[in-house]
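Notes for the one structure printed next.
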Amino acid sequence: MGKLIIVEFEDSETHPFDEIMKVFHKYPDFQKYEIDYTPAISLHDLEILPDQRKVYCGEQEVSLTTKEYNLLCYFAANEGRVLTYEQIYQEIWGNYVQDIENNTIGSHVCKLREKLYKACPYRKFEIRCVREIGYCFEGK
Numbered sequence: 669m670g671k672l673i674i675v676e677f678e679d680s681e682t683h684p685f686d687e688i689m690k691v692f693h694k695y696p697d698f699q700k701y702e703i704d705y706t707p708a709i710s711l712h713d714l715e716i717l718p719d720q721r722k723v724y725c726g727e728q729e730v731s732l733t734t735k736e737y738n739l740l741c742y743f744a745a746n747e748g749r750v751l752t753y754e755q756i757y758q759e760i761w762g763n764y765v766q767d768i769e770n771n772t773i774g775s776h777v778c779k780l781r782e783k784l785y786k787a788c789p790y791r792k793f794e795i796r797c798v799r800e801i802g803y804c805f806e807g808k
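Start counting the sequence shown at 669; every next residue gets the next number (the working numbering).
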């Protein structure tokens with residue numbers, strides 16, 4: 669079984685890092701893994717931290733369920749676009765049956781709005797309902 673090393677250095681500490689990298693180059697059989705970093709998404713009053721699955725409004729963390737978080741990320745990635753019920757359901761749940769799913773989406777969006785609007789009373793965004801079509805996340 670192999671060993672795992674995770675090391676963090678200050679930016680000014682280049683010498684120890686350089687020495688460790690020399691060892692890696694000397695022994696090419698070492699398996700190296702790089703961790704992808706997804707930068708924070710700052711949108712209006714919100715900051716979404718994908719790597720931590722956290723959402724902040726200012727300094728306040730907004731506690732969201734998995735579905736609410738996924739909805740917010742999908743809305744944020746499509747800011748200003750009207751997303752149909754079908755698009756939303758296929759992205760978040762994976763399939764679509766019209767009447768039942770519209771109510772499911774509406775229920776989750778309602779809870780998401782409640783939490784976001786409570787955390788951000790002077791928000792600069794809204795999740796707008798487009799009647800019989802879907803939703804749109806946009807700035808005010």
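Think of the CB as a built atom: it goes at the ideal place given N, C-alpha and C, for glycine as much as any other residue.
Which residue's Cα is closest to the Cα of residue i: the options?
| i | options | result |
| --- | --- | --- |
| Ala-745 | Gly-762, Ser-680, Glu-676 and Leu-711 | Leu-711 |
| Asn-770 | Ile-688, Ser-731, Val-798 and Gln-720 | Val-798 |
| Cys-625 | Tyr-790, Asp-713, Ile-760 and Cys-778 | In the structure as shown, the chain begins at 669 and stops at 808. Residue 625 is therefore absent and cannot be evaluated. |
| Ile-801 | Lys-808, Glu-754, Cys-788 and Thr-772 | Glu-754 |
| Lys-779 | Gln-758, Cys-788, Arg-791 and Thr-733 | Thr-733 |
| Asn-738 | Leu-717, Gly-748 and Ser-680 | Leu-717 |
| Gly-748 | His-683, Lys-808, Glu-676 and Glu-678 | Lys-808 |
Residues bridged to residue i by DSSP?
| i | result |
| --- | --- |
| Lys-722 | Leu-717 |
| Cys-797 | Tyr-803 |
| Thr-752 | Gly-802 |
| Ser-710 | Glu-715 |
Does the distance from the CB of residue i to the CB of residue j come in under 8 Å?
| i | j | result |
| --- | --- | --- |
| Glu-794 | Glu-806 | yes |
| Tyr-705 | Asp-686 | no |
| Arg-796 | Tyr-803 | yes |
| Cys-788 | Asp-697 | no |
Are there 16 or more other CB atoms within 10 angstroms of the CB of residue i, so buried, or fewer, so exposed?
| i | result |
| --- | --- |
| Phe-692 | exposed |
| Glu-736 | buried |
| Ile-688 | exposed |
| Tyr-695 | exposed |
Against chain B, does residue i count as a neighbour if the rule is that its beta carbon must be under 8 Å from one of theirs?
| i | result |
| --- | --- |
| Val-750 | No chain B appears in the structure shown, which is made up of a single protein chain. |
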